[in-house]
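A short worksheet on the structure shown next.
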Amino acid sequence: MFRSLRFKVPALFLLAIVLSGLVATAIAIGLFQDYARGRAVTELRQEAAGIAALYADQAGKAPISQTNLERATGDNLFFVPRTGLGTDALFPGEEEAIPVLPKDAIPARALRGEVVEFEFTPPASERTLLAVSHPIRIGTAWYGTLIVARSTTVLRERWVTLAERLALAFAAGVIVAGALGWYLSRRITKPVLGLSRAAEAVAQGRYDVQVPTVPGRNEISHLADRFGEMATRLRESEELERNFLMTVSHELRTPLTAIRGHVEALREGVVEDPELTTASLDVIAAETARLERLVGDVLDLAKLEAHRFTVVPEEVDMERLLDRAYAAFEQEARRRAIDYRRELRAPAVIESDGDRVLQIISNLLANAFRWTPDGGRIGLELAPHDGQVTVAVADTGPGIPPEEREAIFRPFVSGDGGGTGLGLAIAHELAHALGGRVEVESARGAGSTFRLVLPKKATDAASGRVR
451 MFRSLRFKVP ALFLLAIVLS GLVATAIAIG LFQDYARGRA VTELRQEAAG IAALYADQAG
511 KAPISQTNLE RATGDNLFFV PRTGLGTDAL FPGEEEAIPV LPKDAIPARA LRGEVVEFEF
571 TPPASERTLL AVSHPIRIGT AWYGTLIVAR STTVLRERWV TLAERLALAF AAGVIVAGAL
631 GWYLSRRITK PVLGLSRAAE AVAQGRYDVQ VPTVPGRNEI SHLADRFGEM ATRLRESEEL
691 ERNFLMTVSH ELRTPLTAIR GHVEALREGV VEDPELTTAS LDVIAAETAR LERLVGDVLD
751 LAKLEAHRFT VVPEEVDMER LLDRAYAAFE QEARRRAIDY RRELRAPAVI ESDGDRVLQI
811 ISNLLANAFR WTPDGGRIGL ELAPHDGQVT VAVADTGPGI PPEEREAIFR PFVSGDGGGT
871 GLGLAIAHEL AHALGGRVEV ESARGAGSTF RLVLPKKATD AASGRVR
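Every number in this note's numbering is 450 more than the matching position in the sequence shown, counting from 1.
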């Protein structure tokens with residue numbers, strides 16, 4: 451429990467409040483002490499000046515009651531006479547003589563007639579007094595020093611009272627802060643615990659988890675949204691992987707079944723006619739080539755997606771490369787009466803991997819021949835411009851709906867359910883690996899145009915490193 455965020459968050463929050471409160475209380479008490487002492491000194495100065503003037507006016511006249519003065523002011527009065535002068539010379543007939551202090555009890559400056567602030571302990575007393583001295587003068591003659599003093603215990607009682615009130619306020623603040631911290635910690639840790647449980651489920655391979663919904667637009671809600679997107683992507687990835695295995699298994703089984711059937715027929719002597727034997731061998735060879743292409747495509751796609759493939763930059767004559775790609779489909783075009791043309795607007799030499807570029811163009815052409823009906827039209831065009839070259843493959847097939855244009859570049863996505871659906875996926879990934887891209891323009895019923903755009907200079911993506 452003590453290691454959990456639910457405890458640590460309010461504990462740290464409360465600790466910060468406590469430390470801040472203690473520092474603020476200490477500062478407040480210190481400031482109040484300074485204020486109380488300064489105010490007391492000001493009051494003592496005023497009282498000392500007033501009482502000294504009163505004694506000076508009444509000197510030799512009616513006696514002044516020291517007790518009454520102390521009751522009126524709430525402070526203590528003392529007197530230090532001038533050397534050689536007794537108190538009777540100043541206060542004749544006074545019933546309650548003002549206490550006389552020895553000269554060593556007050557600062558020397560006070561004995562010289564200066565107004566001085568100081569602390570002292572009267573004889574036969576344990577109390578410390580805060581005092582202000584003031585000279586008593588009659589005319590120009592100095593008769594002694596009047597001391598007005600106040601117990602420091604009174605000042606201490608004031609700040610103790612303040613401290614008690616601050617302590618009550620501090621305790622109330624700590625309770626409120628603790629409750630608020632506990633509430634906030636629950637608000638924070640509850641979705642975090644939900645995300646933790648969801649992460650455990652994902653770690654166990656269960657991607658259909660229910661991610662907690664976090665209200666508001668804060669870091670926790672952002673984390674929950676991203677986690678939900680991650681779980682969705684993992685679920686889609688798992689589904690794609692499952693479909694991948696099923697499709698590959700189906701595509702591998704088809705040629706293997708054909709090869710096995712013809713091999714068994716030849717082994718058992720079912721086929722005796724030389725022409726039939728030759729036809730069976732041709733089927734076996736064709737299915738073997740198909741199987742080899744499928745395995746090669748799967749390996750290429752796996753390397754591309756894992757970024758573990760080799761790109762070898764070289765000077766590539768695009769005109770000669772397009773001639774090779776064009777020639778590979780001439781026979782099929784004649785057989786199907788397809789108007790098959792190529793157009794080279796200008797010669798172009800680029801720095802890239804020639805074999806990979808040829809593979810991309812061949813895949814685009816294979817896709818065009820697959821979807822173009824007999825008697826249709828397919829065009830192959832090369833056009834260099836602005837530091838790039840563009841190879842366009844146009845066909846008169848059925849076209850691609852806008853909502854399907856992104857999906858056609860995914861593995862094993864085939865519009866008619868035939869083929870492996872790997873050709874365009876490999877072309878798309880290879881183009882990115884070479885620093886280029888594959889674009890598509892299409893409209894339903896108006897055919898499609900695939901464009902391979904490549905830079906003339908090799909980029910970092912086609913630097914020749916094995917990744």
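A virtual CB, placed ideally from N, CA and C, is assigned to each residue, including glycine.
| Asked | Found |
| --- | --- |
| Which residue or residues does DSSP assign as beta-bridge partners of residue 518? | DSSP output for residue 518 lists no bridge partner at all. |
| Straight-line CA distance for residue 645 to residue 655? | 15 Å |
| If I follow the unbroken alpha helix (DSSP H) through residue 614, where does it start and stop? | 602-653 |
| Give me the DSSP bridge partner(s) of residue 531. | 594 |
| Can you tell me whether DSSP reads residue 570 as helix, strand or coil? | strand |
| CA-CA distance, residue 506 and residue 548? | 14 Å |
| With H, G and I counted as helix, E and B as strand and the rest as coil, what does DSSP make of residue 894? | coil |
| Which partner residues of residue 845 appear in the DSSP bridge assignment? | 828, 898 |
| Pick out whichever of 802, 642, 833, 844 has its Cα sitting closest to the Cα of residue 880. | 802 |
| Taking three-plus beta-carbon pairs below 8 Å as touching, is the stretch 574-594 in contact with the stretch 460-467? | no |
| Secondary structure at residue 663, three-state DSSP: helix, strand or coil? | coil |
| Note down, in chain order, each residue of its chain lying with its Cβ closer than 6 Å to the Cβ of residue 891, except the 5 sequence neighbours on either side. | 899 |
| Can you look up residue 840 in the DSSP assignment and give me helix, strand or coil? | strand |
| Sorted by chain position, which residues of the same chain lie with C-beta nearer than 7 Å to residue 592's C-beta, five sequence neighbours on each side aside? | 532, 563, 585 |
| With residue 802 as the anchor, note down where its beta strand (DSSP E) starts and where it stops. | 799-802 |
| Would you kindly check if the distance between the Cβ of residue 849 and the Cβ of residue 816 is under 7 Å? | no |
| Specify, as a first and last residue, the run of the alpha helix (DSSP H) that residue 874 falls within. | 873-883 |
| Taking all protein chains shown into account, do 16 or more other C-beta atoms lie within 10 angstroms of the C-beta of residue 867, making it buried, or fewer, making it exposed? | Confidence is the limiting factor: at residue 867 the pLDDT is only 49, short of 50, which leaves the residue's position unreliable, though a coordinate-based value still follows. Residue 867 is exposed by the Cβ-count criterion. |
| Taking DSSP as the reference, what is the three-state secondary structure of residue 789? | strand |
| Should residue 989 and residue 598 be called a contact, given that it needs their Cβ atoms to be closer than 7 Å? | Nothing can be reported for residue 989, as the shown portion of the chain is limited to 451 through 917. |
| Spatial neighbours of residue 860 within its chain, please: CB distance less than 7 Å, with the 5 preceding and 5 following residues excluded, ordered by chain position. | 875 |
| Use the C-beta contact count for residue 813: other C-beta atoms within 10 angstroms, 16 or more gives buried, fewer gives exposed. | buried |
| With a threshold of 6 Å, establish whether the CB of residue 670 neighbours any heavy atom of the ligand GTP. | You won't find the ligand GTP in this model; it holds no ligand whatsoever. |
| Exposed or buried, what is residue 768 when buried is set at 16 or more other beta-carbons lying within 10 Å of its beta-carbon? | buried |
| Within 7 Å of any Cβ in chain C, is that where the Cβ of residue 632 sits? | Checking the listed chains, one finds no chain C in this structure; it contains a single protein chain. |
| Helix, strand or coil for residue 481? Go by DSSP, reduced to three states. | helix |
| Determine the burial state of residue 470: buried for a count of at least 16 other Cβ atoms within 10 Å of its Cβ, exposed for fewer. | exposed |
| How long is the line joining the alpha carbons of residue 916 and residue 807, rounded to whole angstroms? | Below a pLDDT of 50, predicted positions are generally treated as unreliable, and residue 916, at 34, falls in that range; the measurement from the model is reported next regardless. Between residue 916 and residue 807, the C-alpha separation is close to 17 Å. |
| For residue 596, count neighbouring C-beta atoms within 10 Å of its own C-beta (all shown protein chains included) and say buried if the count is 16 or more, exposed if not. | buried |
| Helix or strand or just coil, what does DSSP make of residue 805? | helix |
| If you reduce the DSSP assignment to three classes, tell me which class residue 691 lands in. | helix |
| Take residue 907 and list the residues in its own chain whose beta-carbon comes closer than 7 Å to its own, dropping the five residues that flank it on each side. | 801 |
| On the DSSP letters alone, give me the boundaries of the beta strand (DSSP E) that residue 579 sits inside. | 579-588 |
| Among residues of its own chain, excluding the 5 on either side of residue 886, which ones have a beta-carbon nearer than 7 Å to its beta-carbon? | 902, 903, 904, 905 |
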